[in-house]
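Everything below concerns the one structure shown next.
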Amino acid sequence: MMFFKKKIVKKTYDPDKRKPAIRASICTGEQVAGFIDLQSGHFDEILLIRNPNDLQEFKDTYGITGDLDIIY
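With this note's numbering applied, the sequence shown closes on residue 117, and no number is skipped along the way.
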């Protein structure tokens, strides 16, 4: 039984250097939320998405609105 709701700690990212995205596996369907470095194209994994609540938590934590690009 949970008595307290987990607090969401706001984090920031530089939208000029990094772009939020979801990387999805074609084989397993696994999805990971993270950021693409616009200079190098490197994807930094932040959070494994197991359900829609995980995606919403990622968006709320980083202040992201709208849909994210999906990379296969």
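Where a beta carbon is used, it is the ideal one built from N, C-alpha and C, also for glycine.
Quick check: what's the CA-CA separation for H87 versus I81? As a working note, residue 87 is residue 42 in the sequence shown. As a working note, residue 81 is residue 36 in the sequence shown. Distance from the CA of H87 to the CA of I81, rounded to the nearest whole angstrom, comes to 6 Å.
By DSSP, does Q101 sit in helix, in strand, or in coil? For the purposes of this step, residue 101 is identified with residue 56 of the sequence shown, where counting begins at 1. Residue state, collapsed to three classes: helix.
Quick one: what's got a C-beta closer than 6 Å to D114's C-beta in the same chain, skipping five residues either side? Here residue 114 refers to the residue found at position 69 when the sequence shown is read from its first residue. Excluding sequence neighbours, D114 sits near A66.
For a quick check, are the C-beta atoms of Y107 and K64 less than 8 Å apart? If you number the sequence shown from 1, residue 107 lands on position 62. If you number the sequence shown from 1, residue 64 lands on position 19. Contact: no.
Where L83 and P97 are concerned, what is the direct C-alpha to C-alpha distance, given to the nearest angstrom? Locating residue 83 in the sequence shown gives position 38, where the first residue counts as 1. Locating residue 97 in the sequence shown gives position 52, where the first residue counts as 1. Approximately 26 Å between the Cα atoms of the pair.
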